[in-house]
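Before any comments, here is the structure.
Residue numbers (my numbering): 2 to 129.
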């Protein structure tokens, strides 16, 4: 086949066209299919990796939330223990004050009785 020049037109016969064999078409189809399958596999792997990263992120968030809640619960329990200890200390202080007041009262009565009985004038009056 030659390049036409000017107004010349050269006819092209079907014999001069390149012949595409069935084998080469099959090879092209197979190559395109393999490339498409590989691309699909890569896409699935990428999607799986993204899903794995999201799952790990969710697990990390859940663990952080659980730890924060546990810290809050421990802090609340510690607050309750401290409050109970403060109440027990206050009750103990009141009890010690009551006992001290009772001992002071008995000592005061004892001192009064001793002072009355040790006075000679009162002893003479009691014995007469």
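The C-beta atom is built at its ideal place from N, Cα and C for all residues, glycine as well. On a predicted model such as this, the values are computed, not experimentally measured, just so you know.
Inter-residue spacing [alpha-carbon to alpha-carbon] between residue i and residue j
i           : j           : result
residue 99  : residue 76  : 34 Å
residue 44  : residue 54  : 15 Å
residue 97  : residue 104 : 10 Å
residue 27  : residue 65  : 56 Å
residue 39  : residue 69  : 45 Å
residue 52  : residue 35  : 25 Å
residue 30  : residue 58  : 42 Å
residue 71  : residue 62  : 14 Å
residue 95  : residue 56  : 58 Å
residue 32  : residue 60  : 42 Å
residue 78  : residue 86  : 12 Å
residue 50  : residue 67  : 26 Å
residue 111 : residue 102 : 14 Å
residue 73  : residue 83  : 15 Å
residue 81  : residue 93  : 18 Å
residue 106 : residue 89  : 25 Å
residue 22  : residue 41  : 29 Å
residue 114 : residue 108 : 10 Å
Contact set for residue i: own chain, Cβ-Cβ below 6 Å, skip 5 residues either direction
i          : result
residue 46 : none
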